[in-house]
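Notes for the one structure printed next.
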Amino acid sequence: MRDDFMSGGYKQQPGAARGTTRKDGKRVAGKQKFPPPGSGGSNPNMAPRDLDWIPESVGGKEPQPAGSHIHDRYRTGTSVGKPRALVDSHAKVTGQAWYGDDVRLQNEIIGKILRSPHHYAKIKSIDTSKVEALPGVLAVATGQDAPNTFGVLPVTKDEHAMAVEKVRHVGDLVACVAAVDEATAMEALNLFEIEWEVLEPVFDPKKGLEDQDEPIHWRGKYHVGKTNVQKRVFQEFGDRSLVEEPSASSHGKWRMEGVHHGFTEPHAVVAHWDPNGRLQLYTPQQVPHYAHRALSTVLEVPMHQINVIRTFVGGGFGGKSDPFPHEMCAAILARKAGRPVRINFSREEVYWINRGRHPSHIEVKMTADEDARISGFDIDALIDGGGFASFGHVTSYYNGVLATAPYELGSFHYTGARVWTNKPASGAMRGHGAVNTRCAVEVGLDEMSEQLEVDPIDLRLANLLPPHSRTISGFRITSNGMREALERVREGSNWDQKFRQMPLGKGIGIGCGFFISGSGLPIHWDPNRFPHATVHMQIDMDGGVTVHTGAADIGQGSTTAVAQVVSEVLALPIEMIHVRSHESDTSPVDLGSYSSRVTFMNANAAIRAALDIREKLLNAAWEMIGYHPDVLVLNDRRIYYKHDPAVGVSYLEALHKAQEDKGSLIASGAYRSPPMGGVHKGAAAGLAPAYSFSAYVAEVDVDVETGLISCTDVWAAHDCGKALNPLAVEGQIIGSCHMGLGQVLSEKMVYGRTGHLQNPNLLEYKIPSVHEMPNVTPIIVESSDPEGPFGAKEAGEGPLLPILPAVVNAVYDAIGVRIRELPLTPDVVWKAISAKTKSMDGIDPTDLPAPRLNHGPLQATLVERGNEHRERDKKRQRSEDTSAYVNGVLFGFDPERPMEDQVEGWKTAVEPVPEQLAELGLAGKAWLKKEQRHMGGEQ
Amino acid sequence: MVGEAHVSMIPTTPKKVWSANVNGHAVQALAPSNAILLDVLRDEVGMLGVKRGCDLGTCGCCTVLVNGEPRLSCLCLAGQVEGDDITTVEGLAEGAHLAPIQTCFATHGGSQCGFCTPGFLMAAEALLDSNPKPSREEISCAIDGNLCRCTGYQQIIDSIEAAAEIKRGDAPAPAPASDPHPNPHPEGPEEPSMPPGHAR
Chain C
-19 MRDDFMSGGY KQQPGAARGT TRKDGKRVAG KQKFPPPGSG GSNPNMAPRD LDWIPESVGG
41 KEPQPAGSHI HDRYRTGTSV GKPRALVDSH AKVTGQAWYG DDVRLQNEII GKILRSPHHY
101 AKIKSIDTSK VEALPGVLAV ATGQDAPNTF GVLPVTKDEH AMAVEKVRHV GDLVACVAAV
161 DEATAMEALN LFEIEWEVLE PVFDPKKGLE DQDEPIHWRG KYHVGKTNVQ KRVFQEFGDR
221 SLVEEPSASS HGKWRMEGVH HGFTEPHAVV AHWDPNGRLQ LYTPQQVPHY AHRALSTVLE
281 VPMHQINVIR TFVGGGFGGK SDPFPHEMCA AILARKAGRP VRINFSREEV YWINRGRHPS
341 HIEVKMTADE DARISGFDID ALIDGGGFAS FGHVTSYYNG VLATAPYELG SFHYTGARVW
401 TNKPASGAMR GHGAVNTRCA VEVGLDEMSE QLEVDPIDLR LANLLPPHSR TISGFRITSN
461 GMREALERVR EGSNWDQKFR QMPLGKGIGI GCGFFISGSG LPIHWDPNRF PHATVHMQID
521 MDGGVTVHTG AADIGQGSTT AVAQVVSEVL ALPIEMIHVR SHESDTSPVD LGSYSSRVTF
581 MNANAAIRAA LDIREKLLNA AWEMIGYHPD VLVLNDRRIY YKHDPAVGVS YLEALHKAQE
641 DKGSLIASGA YRSPPMGGVH KGAAAGLAPA YSFSAYVAEV DVDVETGLIS CTDVWAAHDC
701 GKALNPLAVE GQIIGSCHMG LGQVLSEKMV YGRTGHLQNP NLLEYKIPSV HEMPNVTPII
761 VESSDPEGPF GAKEAGEGPL LPILPAVVNA VYDAIGVRIR ELPLTPDVVW KAISAKTKSM
821 DGIDPTDLPA PRLNHGPLQA TLVERGNEHR ERDKKRQRSE DTSAYVNGVL FGFDPERPME
881 DQVEGWKTAV EPVPEQLAEL GLAGKAWLKK EQRHMGGEQ
Chain S
75 MVGEAHVSMI PTTPKKVWSA NVNGHAVQAL APSNAILLDV LRDEVGMLGV KRGCDLGTCG
135 CCTVLVNGEP RLSCLCLAGQ VEGDDITTVE GLAEGAHLAP IQTCFATHGG SQCGFCTPGF
195 LMAAEALLDS NPKPSREEIS CAIDGNLCRC TGYQQIIDSI EAAAEIKRGD APAPAPASDP
255 HPNPHPEGPE EPSMPPGHAR
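Sequence order for the protein chains is C and S. Using my numbering, you'd call the opening residue of the first sequence number -19 and step up by one each time. Using my numbering, you'd call the opening residue of the second sequence number 75 and step up by one each time.
Quick look at the structure:
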């Protein structure tokens, strides 16, 4: 023992520390006479192991139908899988949670932004003299104060803090002012004198495909002709010969209006250059790290002089996931004025910054062969980007690439294009580009089912990619709960008794979803071996675990998820885990809350850090009680010998032992996605370390005389791998239904004929109230992802995708009219009903025939194949079958050899050949022009 | 809250003393006669739990109770409620002891991002004070002036139903999910039967 070494023989603690013999003659092992400093509090006795929450594979009672997981041996039954309140809920229900506008610093002044009244105009001059002369104005700034560009994606930095040369949409930032109070700042906005040269605006993305007099942005040598095309994508894989002579086909042209995230908290920001000259920026941000980088670029200040403080976030959903110009403005004004500046948005301003879902023109063609296999998908997506790129480069990919699963395809082709227009910028919104295309695809499958005379659920069940497979685009699928999701909603909704059997006006429909659980490749390439998430952990002598993470909790519960996994690994109640995640100064980098990555990546990093601490605690216990860590158990604040729970030490004792000579225990854990995917251009888009799968059944009532739709019930199954907190997962499922339902039934950003946004407020932009919500039965499917933290995958965005097609398909089941336009407002539905009744010799809408289904011969084929595949998938899920599987096996191809070697004419292309151009759709027109560098233009 | 009273440099409505009973305390503030209640509560009285969401009276985030009745503070002039009893979310708890409605919003998933929560809590509290056993339909009607973008409302209704049960005494006040003050040095079960270091 080393007890004499440090203290030079002086024993600080009275009494013998070891080996006392008690009255009854038994020896007591290693108990100190006095409780260690830091003890006290309630629950003085260790609870027995909660076997219900410990997996079967490690001796517990928790069933594991999806098989075991590498993290099973770290399950202690403390937290994972148990529904619980979010750890920051106390602050929220007492009104103490501090959002952007709640940060009130001493000496603050109020900032306001001057916004463009024009859709598209050059700024000839700005005269700020009258503004500066107004008493009470303390700082003024214009675009000249910040010439460096920024943007959320490093490949498309096309934004300025304030417009430098021209404004690109009504509401675009022109200048800003800070004054002693709001009234003065508002008055000051009226005093700017600006000379404009108004330009001809473009509102229609189709127009944007043509050459312009003045393209909205200029991409230099990459600019496509002289158009407003910001990004174009082409991908083609597979065997086109399979598409010839289909047994069924569907061709649909869709128009989806732009929608907005609709969070209740308007943007706000507080900037303060502290007494040490560093910028403290308080902002409700989903991506504080990206804001940090952008601020450094725009303000020309090194990142280490900036502390980004993420406040509580009153809803993000992709609408607070860009570095924002107003954040730059606040910082610039605060630097000039020498006082903290607070800018808060009116609700209208929330629409000017936008970043909502792109208005889209989507065309989907698909075919099925004589065995009801899906022989081909052809997708064309033209999306309206508005005035800036934002996340649009990525959206352009997601509109296509995320349709390569969950079904096995004979061939796949996608052409996409994003076009700038003079409207508030579109960006990332929950589910991103995958949402609109998924709706179109799922409705196409419904149409093909009708032609094939089969049940649409059986069509899907017989065409699913199995667990542990690769898509036609090279994505690695690991855990896959699609089958179970489909089967459970079929049963829960009583599908077989209802589909195509209900009276006119009542309908039921199915829709599926497939989404990434974190983008596999980070958007910043440099430094490109950086982890995607890092978590630090620190425990001092009081026993409290402080976890530092950059994970931005936006209401989804990331703080809780991180606390839960740490609590689980260390077998400590969650009250002993304190997560600090607000400040970049003390939080290691996390890339941000987007692409549904936070639980997956931060919980994984947290587990790694916790395992490091666990090892230190076990080693300390080994020294104290003489048993090797392999036979020690962590349970409820104690570590004990697994065959005798009485032989052990408390967490605090082991901690103090581990801290000898070291002080605080510190650990760091990081997570990085494994390298994967193909090497073609754009191969990285859509890559993820895991994917989520969902299937929803929606039941609707449609009034054929008014076009009014009411969604009454939804059975919503979502494969989240493992529900760390089932209460939170269910909340995400129901909340996603709400948001998706809004897009289907009532939400749209309305642009009038003059291009003006007509409804920038929550009265006329209609998000569903409580009365519009159906009864949602959330169904959690757990496929236990091998790479996920305790098997968990995302549940933040994926649950939104299926509700759109489920409702659209249900409407068809109710009235026999297929509508390919969103939202399905009553006037849209009524128009479609009118057209149908007119085509039937003007019958009364109440006499419309409700669709019916008589199973054809292929139904039996599908059921049989579905049953075979169910057995195949069960074995693969439980790793009882580890053979290779790639998209194509269903069509008879060998998974062990490259497709190009097996199939003559197997295509892998990222650019259309000239002969194809005539066949392409709207987005295909973006490929008619050449880039400048290929035209001899801009070198 | 800024600790100084600004004298505005541009012509504005002059400020005068406004007084009311906020969360059980007599409060005085300086506010112009055209000030809305929301701004006075947030900027002058310091009740930052009352939220501004939409500027138009459409989202319900600014809901407070005026003499026990729910009211949109953004559509209410401060002057209209001078002298009245105003309750904000900050007035629901008794010290550290949360009201059942607050606990249930936490334990039943009624609060995700939390921004709309104060408004819902006030509407729910007013409902439960007048209707101790509301049906889910009645709860929906009581909260149909509040928008939520995170929860889809279902767990909010669950939370209010659960709180109603507790208030009526039909269910016990919930114990916290786990002990808030756990002892990091617990005792194990009975005495060990063998000395340390002896493997079985």
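Note that beta-carbon positions come from the ideal geometry of N, C-alpha and C, so glycine has one too. This structure is a prediction, so every number in the text was calculated from the model and none was measured.
Rounded to the nearest angstrom, the gap between the Cα atoms of Ala626 (chain C) and Pro263 (chain S) is 5 Å. Chain C places a beta carbon closer than 9 Å to that of Cys222 (chain S), counting this residue as a contact.
Within chain S, the residues Ala180 have their CB atoms less than 7 Å from the CB of His70 (chain C), given in chain order. Taken in chain order, the whole alpha helix (DSSP H) runs of length 4 or more contained in the region 368 to 401 of chain C are 372 to 381.
Comparing alpha carbon positions, the residue from C:Gly200, C:Ala46, C:Gly61 and C:Thr686 closest to Gly916 (chain C) is C:Gly200. Of all residues in the region 827 to 849 of chain C, none has a C-beta nearer than 8 Å to a C-beta of chain S.
In the DSSP assignment, Asn287 (chain C) falls outside any alpha helix (DSSP H) and lies within the beta strand (DSSP E) extending over Ile286 to Arg290. Here Met428 (chain C) has Ala228, Ser230 and Ala348 as same chain residues with Cβ atoms under 6 Å from its own Cβ, once five neighbours each way along the sequence are excluded. When Cβ pairs closer than 8 Å are counted between the two stretches, the region 780 to 792 of chain C is seen to touch the region 667 to 683 of chain C, the count reaching three or more.
Using a Cβ distance threshold of 9 Å, Val293 (chain C) and Gly535 (chain C) count as a contacting pair. Gly711 (chain C): member of the alpha helix (DSSP H) spanning Pro706 to Leu725, first to last residue. Against Asp610 (chain C), chain S offers no close residue; the least beta-carbon distance is about 11 Å (beta-carbon pairs closer than 9 Å). Ranking C:Gly498, C:Arg468 and C:Pro115 by CA distance to the CA of Ile490 (chain C) puts C:Arg468 first. Excluding its 5 nearest sequence neighbours in each direction, Ile557 (chain C) has C-beta neighbours in its own chain below 7 Å: Val525, Val527, Ala543, Val546 and Ser547, listed in chain order. Under the three-state reduction of DSSP output, Leu902 (chain C) falls in the coil class, being neither helix nor strand. Under the three-state reduction of DSSP output, His504 (chain C) falls in the coil class, being neither helix nor strand. With fewer than 16 other Cβ atoms inside 10 Å of its own Cβ, Gln738 (chain C) counts as exposed. DSSP places Thr347 (chain C) in the strand class (E or B) of the three-state scheme. Distance from the CA atom of Val144 (chain C) to the CA atom of Lys211 (chain C), rounded to whole angstroms, is 23 Å.
Within the same chain, and ignoring the five residues on either side of Asp68 (chain C) in sequence, the residues whose Cβ sits closer than 8 Å to its Cβ are Ala77, Phe292, Asp533, Thr539 and Thr540. For a Cβ distance threshold of 7 Å, residue set Gly262 of chain S lies close to Tyr620 (chain C), ordered along the chain. Sequence-distant partners of Thr132 (chain S) (beyond 5 residues in either direction) whose C-beta falls short of 8 Å from its own C-beta, in its chain, are Leu221.
In the structure shown, Gln215 (chain C) falls within a strand segment according to DSSP collapsed to helix, strand and coil. Ala311 (chain C) sits in a helix when the DSSP states are folded into three classes.
In chain order, Thr401, Asn402, Lys403, Tyr731 and Gly735 place their CB closer than 7 Å to the CB of Phe183 (chain C), counting only its own chain and leaving out the 5 sequence neighbours on each side. Residue state for Ile234 (chain S) is assigned as helix, using DSSP reduced to three classes. In the three-state DSSP reduction, Val788 (chain C) falls in the helix class (H, G or I). Cα atoms of His247 (chain C) and Gly846 (chain C): separation of roughly 49 Å, rounded to the nearest angstrom. No residue range can be given for Asn834 (chain C), since it is assigned to no beta strand (DSSP E) and is classified by DSSP as neither H nor E. By the criterion of at least three beta-carbon pairs nearer than 8 Å, the region 279 to 293 of chain C is not in contact with the region 353 to 361 of chain C. Within the region 177 to 203 of chain S, Phe179, Ala180, Thr181, Gly183, Ser185, Gln186, Cys187, Gly188, Phe189, Cys190, Thr191, Pro192 and Leu195 place their CB atoms closer than 7 Å to a CB of chain C, listed in sequence order.
Residue pairing of Ser690 (chain C) in beta bridges, as defined by DSSP: C:Asp681. By the CB criterion at 9 Å, Ser459 (chain C) and Asp765 (chain C) fall inside the cutoff. Close to chain C, meaning a Cβ-Cβ distance shorter than 9 Å, are the following residues of the region 208 to 240 of chain S: Ile213, Ser214, Cys215, Ile217, Asp218, Gly219, Asn220, Leu221, Cys222, Arg223, Cys224, Thr225, Gly226, Tyr227, Gln228, Gln229, Ile230 and Ile231. Sequence-ordered contacts of the region 98 to 116 of chain S with chain C are nonexistent [C-beta pairs closer than 7 Å].
Residues are counted here when their Cβ sits less than 7 Å from a Cβ of chain S; for the region 738 to 755 of chain C these are Asn741, Leu742, Leu743, Ile747, Ser749, Val750, His751 and Met753, given in chain order.
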